[in-house]
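K.L.:
Let me give you the structure first, and then I'll get to my questions.
2 protein chains.
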Amino acid sequence: MADPKKRFEAIIQKLRDNGHKLTPQRLAIVKILAKSEGHPSVESIHVRIKKEFSTMSLATVYRNIVLIKSLGEVLELGFPDGSNRYDGNNPEPHPHVICIKCKKIVDPDLDSLDEMKKEVAVETNFKILNHRLDFFGICGDCMAAKV
Amino acid sequence: MADPKKRFEAIIQKLRDNGHKLTPQRLAIVKILAKSEGHPSVESIHVRIKKEFSTMSLATVYRNIVLIKSLGEVLELGFPDGSNRYDGNNPEPHPHVICIKCKKIVDPDLDSLDEMKKEVAVETNFKILNHRLDFFGICGDCMAAKV
DNA sequence: TGTTAATTGAAAAGCATTATTATTTGATTG
DNA sequence: CAATCAAATAATAATGCTTTTCAATTAACA
Ligand SMILES: [Mn+2]
Ligand SMILES: [Mn+2]
Ligand SMILES: [Zn+2]
Ligand SMILES: [Zn+2]
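Here it is as structure tokens:
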């Protein structure tokens, strides 16, 4: 895991470099994304910030995520059911392990993926630019909690 | 690739066994899914069948896909942008290679995934039940077509 | 401090999918 | 080979998440 403070600074600097204003709402969103503990959703970001800024609009969270995404500083994990989770701590594509019970999302250590990518490129004659790998299952906590 | 005729029969039999009627609309949908050439979308299935049944409703395509999915006879590839593609020829989870230019979807041969799944299970203490692996890139045809 | 373009909040619009409902129809039975 | 009836269909309305709109606000810069 990258240092959240360094990630925060890096994202802020990127915003500055591209001529974007640093509003309190924006800073609050970046702060949460820099850590991305548990891979937050738009909704959970909104709820957390509302405690401090009661007028914070959901549209503002969406808008800022679109902006930060366009700068390549947050990884969006969009799911077919329409839900989205974010990782601003590590914005590069990487595998995820998702608990279908408690919705926890974890970053596993896996290095065999690069080799796999090369295999696929050779076999299919594609130029591979990106990838997405999700494992779905039940986490240890939820297994233990089962009756 | 499985034999489309055998897949067609298998899906039809599954429908019969579960007490579902075999309507002409349903048979037309199953026929396309059994082959799943190019991993069709709801829209492309609808367009193809409309040529024969001009009154075919889009809702009917959706309904039947939900049904066939519930019987485990089609794999749904849902994308974050809301689009969906289907594979009724091989309904088990498997990797896909997707061309971002022409939207072609290909099934690569990859066997190292099972091992990876075991690694992840051990490392994260999850019980892995399912997975999704997509590679995004540009296919040979689109590379060649580039000016 | 004043100027200005970016950003915001609130509400409306957009859009793929799902639900509703009246009508039609496949399958079963005798 | 009809009659029956639950299942399926077509058409349309509703849903729910995300984006857009627009007037008001504000960060940045001189
Ligand atoms: Mn992650
Ligand atoms: Mn496939
Ligand atoms: Zn869990
Ligand atoms: Zn292509």
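Chains as they are written, first to last, in the numbering used here: chain A, 1 to 147; chain B, 1001 to 1147. Glycine included, C-beta positions come from ideal geometry on N, C-alpha and C.
1) Return yes when the Cβ of B:K1014 is within less than 8 Å of the Cβ of B:L1071, no when it is not.
2) Within 8 Å of any Cβ in chain B, is that where the Cβ of A:S20 sits?
3) Note down, one range per segment and in chain order, each beta strand (DSSP E) of at least 3 residues found wholly within the segment 1032 to 1087 of chain B.
4) Between B:K1051 and ligand 3, is there a pair consisting of the residue's CB and a ligand heavy atom that are separated by less than 7 Å?
5) So is the beta-carbon of A:N90 under 7 Å away from any non-hydrogen atom of ligand 1?
6) Less than 8 Å between the CB atoms is what I'm expecting for B:H1039 and B:R1085, so what's the real figure, rounded?
7) Taking only heavy atoms of ligand 1 into account, decide whether any of them is closer than 7 Å to the Cβ of B:D1003.
8) Taking one C-beta from the segment 1107 to 1124 of chain B and one from the segment 90 to 108 of chain A each time, how about it: are there three or more such pairs within less than 8 Å?
9) Would you mind telling me which residues of chain A sit closer than 9 Å to B:H1039, beta carbon to beta carbon, in chain order?
10) Would you be able to state if there are at least three C-beta pairs under 8 Å between the segment 1093 to 1100 of chain B and the segment 1124 to 1138 of chain B?
11) Between the alpha carbons of A:E123 and B:G1078, how many angstroms are there, rounded?
12) Going by the CB atoms, is the gap between B:I1068 and B:V1061 shorter than 8 Å?
13) Can you tell me whether DSSP reads A:D107 as helix, strand or coil?
P.N.:
Taking the coordinates as given:
1) It is a contact, given that the beta carbons lie within the stated cut-off.
2) Correcting the residue type first, residue 20 of chain A is His in the shown sequence and not Ser. So, not an interface residue.
3) Complete beta strand (DSSP E) runs here, min 3: 1075 to 1078 and 1084 to 1087.
4) no
5) yes
6) Contact flag correct, Cβ pair sits at about 4 Å.
7) no
8) yes
9) Ordered by position in chain A, no residue passes the 9 Å Cβ test against B:H1039, which lies about 14 Å from the chain.
10) Put simply, the segment 1124 to 1138 of chain B touches the segment 1093 to 1100 of chain B. At least three CB pairs are less than 8 Å apart.
11) Straight through space, the alpha carbons of B:G1078 and A:E123 are spaced by roughly 24 Å.
12) no
13) Coil, per DSSP.
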